[in-house]
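Engineer: Numbers given in this note's numbering equal positions in the sequence shown, counted from 1, plus 1196.
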Amino acid sequence: MSARHRFKAETLAALFQAVEMDDVVDPVVSLPDPVPVACSEKDMKACFDLCVQFWHEHADRRALCDLVATLLVTGDLPQDARVRYKHIRASYKQLRFALVLYGRRHKAPLLFRSTVALMGHLQDAFRNRRRLAVPAYALLLRLFLLWPAWLAVRREVEQVRLDDATGFLAFRKLEFRRLASWLGEGALTGRRFHMMRKVVSRQVSFYDAMRTLRPDEQVYRMSRFLSAINGLMGSMHDNLVEQAGNGHRDYNRDRFPMPADIRWRLEALTASYPLAAAA
1197 MSARHRFKAE TLAALFQAVE MDDVVDPVVS LPDPVPVACS EKDMKACFDL
1247 CVQFWHEHAD RRALCDLVAT LLVTGDLPQD ARVRYKHIRA SYKQLRFALV
1297 LYGRRHKAPL LFRSTVALMG HLQDAFRNRR RLAVPAYALL LRLFLLWPAW
1347 LAVRREVEQV RLDDATGFLA FRKLEFRRLA SWLGEGALTG RRFHMMRKVV
1397 SRQVSFYDAM RTLRPDEQVY RMSRFLSAIN GLMGSMHDNL VEQAGNGHRD
1447 YNRDRFPMPA DIRWRLEALT ASYPLAAAA
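As structure tokens, then:
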């Protein structure tokens, strides 16, 4: 891969601010018309390089090891430590989205995505006070933070090859077709709902990066509209995970209707997005 662009501190701070808002629900924001979709290979590389640098600067291995050590001893984190954990995890998630969006395989490498998944399972465990699950996930995550695994994860990221603009366009088209198809299913399982939210989260990530690099009103509105969907879906998914952990719901089998405030936004999004239509 060619040399990475290095961004100024204020650019990283602007992305951090955008990420902090990527699940904040703005009740009055509307979709831009037309929906902005253009992205050159130069833009793709800039977005990817930004997310890699964001991860390097916020994924503090020593701080994460300390948080894991606290969880192994106490089973929980105080509020300030929870915020630190959230910020580190956010940098991992932002890069995972970038690896899926811009990478030629449109899939995060195995060790990297396993690390992110463990961080999510661990956070769900200590937030929902699942005392037996916390040490199990914490121990697994600690193994992934040992130097050999840590270096292997960094090497995975450096070896990723980016797609071209045509491939990226085709991937986004496929993502929005999937959203439209899943909306047509009616009732959903927790698993399907989570898959839909991941599509939305990836798009939030893309527009957050684009508006950070090239401030634009249409891109900003798209970012905020997607963030509203992401926030609503995130809150509901937290409830689904808690119910599953308490034995009140089968996450993979029990079905439920999509809430109206999420459905109308997703329907508006898939109807307006020019890549949602068949080629």
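C-beta atoms are modelled at their ideal positions from N, C-alpha and C, and glycine is treated no differently.
1) Compare the Cα-Cα distances from F1481 to each of V1349, F1389, V1356 and H1444 and report the closest residue.
2) If you draw a straight line from the alpha carbon of E1251 to that of R1420, how long is it in whole angstroms?
3) With 16 as the cutoff for other CB atoms within 10 Å, does R1325 come out buried or exposed?
4) Report all residues from its chain with a CB closer than 8 Å to the CB of A1210; omit the five preceding and five following residues, and keep chain order.
5) Between the beta-carbon of G1271 and the beta-carbon of R1327, is there less than 8 Å?
6) In chain order, what residues of the same chain have a beta carbon less than 7 Å from the beta carbon of A1242, not counting five sequence neighbours either side?
7) For F1203, which three-state DSSP category applies?
8) Please state whether DSSP places P1274 in a helix, a strand or coil.
9) Assuming R1280 and L1263 form a contact by the criterion Cβ under 8 Å, report the distance between their Cβ atoms to the nearest whole angstrom.
10) Is there contact between the stretch 1437-1449 and the stretch 1342-1357, where contact requires at least three CB pairs shorter than 8 Å?
11) Pull up the CB-CB distance for V1215 and A1286, whole angstroms please, since I reckon it's below 8 Å.
Structural biologist: Taking the geometry as given:
1) Here the chain comprises residues numbered 1197 to 1475, so residue 1481 is not present and cannot be evaluated.
2) Here residue 1251 is taken as the residue at index 55 of the sequence shown, counted from 1. Here residue 1420 is taken as the residue at index 224 of the sequence shown, counted from 1. Here the sequence assigns Trp to residue 1251, which means Glu is not the residue at that position. Whole-angstrom Cα-Cα distance: 22 Å.
3) Here residue 1325 refers to the residue found at position 129 of the sequence shown. In this structure R1325 is exposed. Its beta-carbon is surrounded by fewer than 16 other beta-carbon atoms within 10 angstroms.
4) Locating residue 1210 in the sequence shown gives position 14, counting from the first residue. The answer, listed in chain order, is T1408.
5) Indexing the sequence shown from 1 puts residue 1271 at position 75. Indexing the sequence shown from 1 puts residue 1327 at position 131. Between G1271 and R1327, the C-beta spacing is below 8 Å.
6) The residue labelled residue 1242 in the question sits at position 46 within the sequence shown. Excluding sequence neighbours, A1242 sits near H1201 and L1409.
7) For the purposes of this step, residue 1203 is taken as the residue at position 7 of the sequence shown. In the structure shown, F1203 adopts coil according to DSSP, grouped into three states.
8) As a working note, residue 1274 is residue 78 in the sequence shown. Look at P1274 here: in three-state DSSP terms it is coil, with no helix or strand label.
9) The count along the sequence shown starts at 1 and reaches residue 1280 at position 84. The count along the sequence shown starts at 1 and reaches residue 1263 at position 67. Right, their Cβ atoms sit about 6 Å apart.
10) For the pair of segments examined, the stretch 1437-1449 was found not to touch the stretch 1342-1357: the number of CB pairs separated by less than 8 Å stays below three.
11) Here residue 1215 refers to the residue found at position 19 when the sequence shown is read from its first residue. Here residue 1286 refers to the residue found at position 90 when the sequence shown is read from its first residue. Confirmed, about 5 Å.
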